[in-house]
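K.L.:
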DNA sequence: TTATTTCATTGAACACTGTTTAATTATAAA
DNA sequence: TTTATAATTAAACAGTGTTCAATGAAATAA
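Protein chains in written order, with this note's numbering: chain V, 56 to 262; chain S, 56 to 262.
1. Just mark residue 143/S as buried or exposed, buried being the case when its beta carbon has 16 or more other beta carbons within 10 Å.
2. Nearest by alpha-carbon distance to residue 123/S: which of 167/S, 194/S and 221/S is it?
3. Of all Cβ atoms in chain S, is any one closer than 8 Å to the Cβ of residue 241/V?
4. Are residue 219/V and residue 244/V close, meaning C-beta to C-beta below 8 Å?
5. Over what stretch of residues does the alpha helix (DSSP H) that includes residue 217/S continue unbroken?
6. If you drop the 5 nearest sequence neighbours on each side, which residues of the same chain put their C-beta closer than 8 Å to that of residue 94/V?
7. Evaluate the contact criterion for the segment 63-76 of chain S versus the segment 139-155 of chain S: three or more CB pairs, one atom per stretch, below 8 Å.
8. Using only the alpha-carbon positions, how far apart do residue 111/V and residue 223/V sit?
9. Helix, strand or coil for residue 108/S? Go by DSSP, reduced to three states.
10. Near residue 236/S, what residues of its chain come up, given a Cβ to Cβ distance below 7 Å and the 5 sequence neighbours on each side ignored?
11. With 16 as the cutoff for other CB atoms within 10 Å, does residue 128/V come out buried or exposed?
12. Residues in its own chain within less than 7 Å of residue 173/V by CB, not counting five upstream and five downstream?
13. Can you give me the C-alpha to C-alpha distance between residue 186/V and residue 161/V, rounded to a whole angstrom?
14. Per DSSP, which residues does residue 207/S bridge with? Please list them.
15. Kindly indicate which three-state DSSP category residue 97/S falls into: helix, strand or coil?
16. Suppose the cutoff is 7 Å on Cβ atoms and the five residues either side in sequence are ignored; what does the same chain contact list for residue 91/S look like?
17. Is it right to say residue 62/V is buried, meaning 16 or more other beta carbons lie within 10 angstroms of its own, or is it exposed?
18. Against residue 228/S, what residues of chain V qualify as contacts under a CB-to-CB distance less than 9 Å, listed in chain order?
19. Between which two residues does the alpha helix (DSSP H) harbouring residue 144/V extend?
20. Ordered along the chain, which non-local residues of its own chain (more than five positions away) have a Cβ less than 6 Å from that of residue 175/V?
21. Quick one: list the residues of chain S neighbouring residue 256/V, beta-carbon separation under 7 Å, in chain order.
22. Express the C-alpha separation of residue 221/S and residue 226/V in angstroms, rounding to a whole number.
23. Mind reading off the beta-carbon distance from residue 140/V to residue 197/V? Whole number of angstroms is fine, and I expect it under 8 Å.
24. Using CA atoms only, rank isn't needed, just tell me which of 207/S, 232/S and 192/S is closest to residue 130/S.
25. Taking 8 Å as the CB-CB limit, is residue 276/V close to chain S?
26. So, under 8 Å CB-CB, residue 252/V and residue 68/S are touching, yes? Tell me the CB distance rounded to an integer number of Å.
27. So, is the C-beta of residue 68/S closer than 8 Å to a C-beta in chain V?
28. Report the rounded CA-to-CA distance for residue 210/S versus residue 257/S, giving the unit in angstroms.
29. What is the C-beta distance between residue 254/V and residue 205/S, in whole angstroms, given that I count them as a contact (C-beta under 8 Å)?
30. Comparing the C-beta of residue 214/S with each C-beta of chain V, is any distance below 8 Å?
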């Protein structure tokens, strides 16, 4: 009966560590995270970390994955727009951009393989990748629908999806790096980007 | 008379350090660069670094700027195509992509403010930014010409230039991160990206 | 309750990082 | 040869991630 309590206690300490790490990352960034900072914050010895995690990687990975899933989840609730798939796509990307800009640390870590700790993107994205490819699949089906309806120019669906994705990705990173852009300019950039891209993939008579 | 020799000797040692650093970066990345690695390679004591450079930053900055200039230079020699500005733009970007992929470490460091050492993007890009905006200007004038000729849809020139730039940037980073993409797939991505983008900015009757 | 086993926690060390200071060596000028 | 100047270094400091043997406490068995 104390086996449970023991496990619960374990989980509790584990979460305490993660919470502290989350706070530190929020304040000092992933780079600013250190084992001793964590253990100072929670009044433990540095060695304790290795009783609850394999290494520092595992902590960062856990939090980064958490952050990335939050970003991907933002797309999930986009409602289908049967007749105008481009609006559906646009809505999804708009949310995606907003979510990414809200957790820039985590987005960067995943997309850019950024932080020193997380060297093995593969392991980090075991789950993330499947969710991403799922999202990519959604995007593909929207494009396919657009093509079938004659709204979009016939094209290699997956390639087109990747282009949309990549361009959006570039925009996000740009917005992240250049921190001194006005909210207004950000919106104009996003808007114009979509204009060009959709203008590029949509049939002439639909524009 | 030995004043020269002395200065020459200084420059020599400085270059020795930079050469060693360059090698290490090429092998282990900017993250893998350390003062002791450098000094071991050139059989000096770690402290010597601080006689020739202010700190590690200065070394990284020097090399990053060097690498970035090489990348920007790749665009310089693109010949104007009076009647088909889109081809001119495409050629410039194609070279830019190739150059960036040849020095990925440096490109990342400059564009993503990536490496732990270089924290002050401002200082690093003092020159970089002016060169970049010069390049951006070239891009703008090409677009303007396209608009004037009726080949491109009337638009906010600078905004459009930024979109092209940003999208290309996203593509480059994607290609960098996902190392296991075939040369063929890379070309298809680049090709399709341009197709979509130009299709998006060019006038209907020109496509 | 006592003895034993199991688990959580830590102190201390190791190897690495960038950096600084005082001391040392080598080289030039007097 | 002596003096002054510049180049070079040894040693230390504070920080990093990580390991391991020793300690503490709590759960189980006697």
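All residues carry an ideal CB built from backbone N, CA and C; glycine is no exception.
P.N.:
Taking the coordinates as given:
1. So residue 143/S ends up on the buried side.
2. Residue 123/S has its Cα closest to that of 167/S, out of 167/S, 194/S and 221/S.
3. Residue 241/V does not count as touching chain S.
4. No, the Cβ-Cβ distance between residue 219/V and residue 244/V is not below 8 Å.
5. 212-232 is the extent of the alpha helix (DSSP H) around residue 217/S.
6. Counting only Cβ-Cβ distances below 8 Å, and skipping sequence neighbours, we find 100, 101, 103 and 104.
7. Using a C-beta cut-off of 8 Å, the segment 63-76 of chain S makes no contact with the segment 139-155 of chain S, since fewer than three inter-stretch Cβ pairs fall below that distance.
8. Those two C-alpha atoms are separated by around 31 Å.
9. The answer is coil: DSSP assigns residue 108/S none of H, G, I, E or B.
10. Within its own chain, the residues whose Cβ lies closer than 7 Å to the Cβ of residue 236/S, once the five positions on either side in sequence are excluded, are 230, listed in chain order.
11. Counting of Cβ neighbours within 10 angstroms places residue 128/V among the exposed residues, the total staying below 16.
12. Caution is warranted here: a pLDDT of 48 is assigned to residue 173/V, below 50, making its placement in the model unreliable, and no coordinate value can be reported.
13. Between the alpha carbons of residue 186/V and residue 161/V lies a gap of roughly 16 Å.
14. By DSSP's assignment, residue 207/S forms a beta bridge with 257/S.
15. Of the three classes helix, strand and coil, the one that applies to residue 97/S here is coil, per DSSP.
16. Excluding positions up to five away in sequence, the list reads 101.
17. Result: exposed.
18. Chain V residues near residue 228/S: 166, 167, 221, 224, 225 and 228.
19. Note, residue 144/V: alpha helix (DSSP H), 140-157.
20. Its pLDDT being 49, under 50, residue 175/V is placed unreliably by the model, and the measurement read from it follows with that caveat. Take residue 175/V, set aside five residues on each side of it, and no residue of its chain has a beta-carbon closer than 6 Å to its own.
21. Neighbours of residue 256/V on chain S, chain order: 251.
22. Computed Cα separation, rounded: 6 Å.
23. 5 Å between Cβ atoms; contact.
24. Residue 192/S is the option with its Cα nearest to residue 130/S.
25. The structure shown does not extend to residue 276/V, since chain V is modelled only from 56 through 262, so no value can be given for it.
26. At roughly 52 Å, the Cβ-Cβ gap does not stay under 8 Å, so residue 252/V and residue 68/S are not in contact.
27. At a cut-off of 8 Å between beta-carbon atoms, residue 68/S makes no contact with chain V.
28. Taking the straight line from one Cα to the other gives about 10 Å.
29. Taking the Cβ atoms as the reference, residue 254/V lies roughly 16 Å from residue 205/S, outside the contact range of under 8 Å.
30. The C-beta of residue 214/S comes closer than 8 Å to at least one C-beta of chain V.
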